[in-house]
Every structure is written in structure tokens, then in C-alpha cells.
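A quick write-up on the structure given underneath.
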Amino acid sequence: MFLAKKATYSCYFVYKEVLCMIELRLKEFRKKLGLSQREVSDIMKITQAYYWKWEKGKSFPNAQQIIELCDIFQCTPNDLFGIHGVYSASMNDLDQSWSSLLIRSWYVFLTCFVDTWR
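Just so it is clear: in the sequence shown, position 87 is 379 by this note's numbering, and no numbers are missing.
Right, here's the structure in full:
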């Protein structure tokens, strides 16, 4: 029982760390492109308040929304989550089928991860 609690406790902090990282990265990528929260939310067809919650860490985008954010910000999921050194090739160097597989793999992983800890 103690091990189960400890594992849950550790996962909780990993989840919170991911939330903190994505909220900082969303704002950084948005400002780098010179976009407002309203403009990003309009592109994604969501409310500004909904997007605002992501940047403030009050909510978390689902896997499909993460893919949309990566398209808007011209980045990879690794960039969005601040994960570096996972692979050395940039997205431009990867062929279309590999990048598609990578995005879909992230989609499955994030869907499972987010749904587990909500």
C-alpha cells in the first residue's frame, strides 16, 4: 500500500511539472510569433478563456489540441513540453511518414497520460 501511494505521489508531481512546463512554453511560443491569446484561440476555434487556462496551468490541452498547437507554433511535441535530447533529427529532416507516426505516438501517449491523471 505504501508503494502504491508513493508511486501515485511521484506521478502527481511529474504531471504538475508537465503542466508547468507547457504553460511556460505556450506563452513563449505565442509571443515569439507575435500572437495574442485571442488570435491563437481563434485559430483553434476555442474561447480565449479556454486558452488562457492553459497558459495559467488551470487546464491542460487534450492530445488533439496539442497537435494543433504544434502546427500553429511550428514545433514538435518535444519542444512544447520542453523535452530535449530525445532524438537528434529535426522535424524537417524526418520524412512525412515518420513525422506522422511520431505525432500519432505522442497523441496516444498524451491521451493515456492525461486521461489517467485527470
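Cβ atoms here follow ideal geometry from the backbone N, Cα and C, with glycine treated the same way.
Check your understanding: Less than 8 Å separating the beta-carbons of G349 and E315?
Key -> Between G349 and E315, the gap from beta carbon to beta carbon is short of 8 Å.
Practice item. Round the Cβ separation of Y413 and V332 to the nearest angstrom and send it over; I've been treating them as touching at under 8 Å. Key: In this structure the chain extends from 293 to 410, so residue 413 is not present and cannot be described.
Exercise for review: Could you pull out every residue in the same chain whose Cβ sits closer than 8 Å to the Cβ of F373, ignoring the five residues on either side in sequence?
Suggested key: The residues are V310, M313, I314 and R317.
Check your understanding: Looking at the unbroken alpha helix (DSSP H) that takes in P369, where does it start and where does it end?
Key -> It spans P369 to F373 - the alpha helix (DSSP H) in which P369 sits, taken as one unbroken run.
Check your understanding: Would you say Q356 and M336 are within 8 Å of each other, going by their C-beta atoms?
Key -> At a Cβ-Cβ threshold of 8 Å, Q356 and M336 do not count as neighbours.
Practice item. Could you tell me the boundaries of the alpha helix (DSSP H) in which Q357 lies? Key: Start and end: A355 to F365.
**Study point:** Environment of F352 [buried if 16+ CB atoms lie within 10 Å]
**Key:** It is buried - the Cβ of F352 has at least 16 other Cβ atoms within 10 Å.
Review point. DSSP three-state call for I395: helix, strand or coil?
Key: Helix, per DSSP.
Check your understanding: Buried or exposed: where does F401 fall if 16 or more other Cβ atoms within 10 Å of its Cβ makes it buried?
Key -> By the beta-carbon neighbour count (other beta carbons within 10 angstroms, threshold 16), F401 is exposed.
Exercise for review: Go ahead and label R396 buried or exposed: buried means 16 or more other beta carbons lie within 10 angstroms of its beta carbon, across all protein chains shown.
Suggested key: R396 comes out exposed.
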